[in-house]
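Trainee: Once you've had a glance at the structure underneath, I'll fire off some questions.
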Amino acid sequence: MCSCQEMHPGIICTNTARKAQGRGSGKRGLRKEEQVIEHEGENSINSPQPPTQSINFLHCQEEQVIEHEGENSINSPNHQPNPSTSSTVRRKTKLRLSKILPKTEKHLKIGRVIGEGPFCRVHLGWHIDLQKEVAIKIINDPENEKYQEEELEILRKVTGHRNVIKFYGAFYHRAPRRSTPNKGLSISMELCTGGTIRDLMSGRKNNSLGEKWTAYICKEVIKGLCHLETVEVIHHDIKPINLMLTSSGNVKIGDFSCATMGRKSSSTEGTLTYMAPEALACMRKKNLDYDHKADIWSLGVSALEMVEGYLPYGQLSKHQLMNQILFGPALRPTWDKWSEEFNFFIQECVQKNPAKRPSARQLLHHPFISNLCDEAAVKRSIAKQLQRGWKN
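In my numbering, the protein residues as written are 10 to 401.
Right under this line is the structure:
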């Protein structure tokens, strides 16, 4: 959908190039190599007579979701998606977000544009209810509202963990016709002023973060992945540009536009360079699926990139890259100067057989992660680097 170049940290852009099969089947379009995806009325929740077919009112306060009335709302704590009725729900959802969601102008003040793509704009904003600065993504793509509804449900499921971008609510935006987009879904999210891990790399010599910084970042991401596993969400696009930083050096997983719900997925969406072999195998053969360990592979590739300063595969065509991931030798660091613990960490993360690959919880006990000394000092040094970057 949105290829938001120069996107502000913490913002996601839903991919409208999804194939007709949708999230449930997992047969969605592959994200281009190195593509940057950054970050009231009658049907109001306050109405004394809520609509009988209401589905999808989302308005999240910080760390809390205000639930729409009705047992089957996706904000209900007892909500369990029913596969037999999901297609019916999606048909009802189509073109109804404008009626179900509250109006943006009553809850958000929209500021300057900080990112833009074919179907969306990202703005700085002010959340009136929370009294805080936020990032607001406005999506103008009515033909794909069913995928927007699924993304909102995923955001509701994952928010609330310190290592995951916070979701503050969904609204429907209407603006004067001279504005572009002049209407569409608006998503209010945490504003991460520290940028992305990719930004952090660009400010370092040879783009390398070194082992200590990488160990700290990986530990925080692994904690976030533990949470995603608990709520049964697979991210599918872990990479440095989707890992966000706050000004104090906290690390957050962002961009859930590729994510799927459930313990298993057959999705073929993501960024090819970071995709696990079992995900690529789904492109070649039907009726295959995989689990959350695909995100561990992506973390391993990202960790190698963070330490060495560049991606491990070099300049390969899409076909060559797929063959390298599926059938080539195991990834390993180029330089011999890195520690034994780091080499072992990469080796474990990029095991081609996912059954041999550790889970996120197991990785927390890996020596490269567990032996990190003075974590608070490492975090402070990253925060200082961010401050120097702002001054420059």
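Each residue gets a CB set at the ideal place from its N, CA and C atoms; glycine is no exception.
Note that the structure is a prediction, hence the values are computed from the model and not measured.
State buried or exposed for Gln-157, treating a residue as buried only when at least 16 other CB atoms are found within 10 Å of its CB.
Mentor: Burial is judged here by how many other beta carbons sit within 10 angstroms of a residue's own beta carbon; Gln-157 has at least 16 and is buried.
Trainee: Can you grab the Cα-Cα spacing for the pair Lys-346 / Arg-165, in whole Å?
Mentor: 43 Å
Trainee: For Ala-144, write down the residues that DSSP places opposite it in a beta bridge.
Mentor: Leu-133 and Met-198, per the DSSP bridge assignment.
Trainee: Check this for me: beta carbons of Val-143 and Val-242, under 8 Å apart or not?
Mentor: no
Trainee: Based on DSSP bridge pairs, tell me the residues matched to Gly-193.
Mentor: His-182
Trainee: So, for Gly-398: in the same chain, excluding its five sequence neighbours on each side, which residues have a beta-carbon less than 7 Å away from its beta-carbon?
Mentor: Excluding sequence positions up to five before and after Gly-398, its CB lies within less than 7 Å of the CB of Gly-212, all in the same chain and listed in chain order.
Trainee: Among Glu-220, His-245, Met-270 and Gly-120, whose alpha-carbon lies nearest the alpha-carbon of Lys-141?
Mentor: Gly-120
Trainee: Is it true that the CB of Tyr-181 sits closer than 8 Å to the CB of His-136?
Mentor: no
Trainee: For Arg-105, count the other beta carbons within 10 Å of its own beta carbon; 16 or more makes it buried, fewer makes it exposed. Which is it?
Mentor: buried
Trainee: How should Ser-266 be labelled, buried or exposed, when 16 other C-beta atoms within 10 angstroms of its C-beta is the threshold for buried?
Mentor: buried
Trainee: Under a three-way DSSP split, which group does Gln-89 fall into?
Mentor: Because Gln-89 sits at a pLDDT of 45, beneath the cut-off of 50, its placement in the model cannot be relied upon, and the following sentence gives the value as read from the coordinates. Looking at Gln-89 - three-state DSSP - the assignment turns out to be coil, as it is neither helix nor strand.
Trainee: Can you give me the C-alpha to C-alpha distance between Thr-343 and Gly-323, rounded to a whole angstrom?
Mentor: 12 Å
Trainee: Quick check on Ser-256: buried or exposed, where buried means 16 or more other Cβ atoms within 10 Å of its Cβ?
Mentor: So Ser-256 counts as exposed.
Trainee: Cβ of Ile-247 within 8 Å of Cβ of Leu-308?
Mentor: yes
Trainee: Tell me the rounded alpha-carbon separation between Phe-354 and His-375.
Mentor: 7 Å
Trainee: Where Val-318 and Thr-282 are concerned, what is the direct C-alpha to C-alpha distance, given to the nearest angstrom?
Mentor: The question names Val, yet the displayed sequence has Gly at residue 318. One C-alpha to the other measures close to 15 Å.
Trainee: Closest to Glu-314 by CA distance: which of Lys-361, Ala-392, Cys-227 and Ser-217 is it?
Mentor: Ser-217
Trainee: Glu-201 to Tyr-299, Cα distance in whole Å?
Mentor: Residue identity check: residue 201 is Cys in the sequence provided, not Glu. When rounded, the distance between both Cα atoms is 31 Å.
Trainee: Over what stretch of residues does the alpha helix (DSSP H) that includes Lys-302 continue unbroken?
Mentor: 302–317
Trainee: Which residue wins for smallest C-alpha separation from Asn-149, given the options Arg-171, Ser-107 and Glu-357?
Mentor: Ser-107
Trainee: My assumption, with CB atoms under 8 Å, is that Leu-373 sits in contact with Ile-231. Please give the rounded CB distance.
Mentor: 6 Å
Trainee: Are there 16 or more other CB atoms within 10 angstroms of the CB of Asn-215, so buried, or fewer, so exposed?
Mentor: exposed
Trainee: How big is the Cα-Cα spacing for Lys-361 and Leu-335?
Mentor: Our two residues, Lys-361 and Leu-335, have alpha carbons roughly 8 Å apart in a direct line.
Trainee: With C-beta atoms as the reference, is Leu-320 less than 8 Å away from Gln-333?
Mentor: In this structure, Leu-320 lies away from Gln-333, with their beta-carbon atoms at least 8 Å apart.
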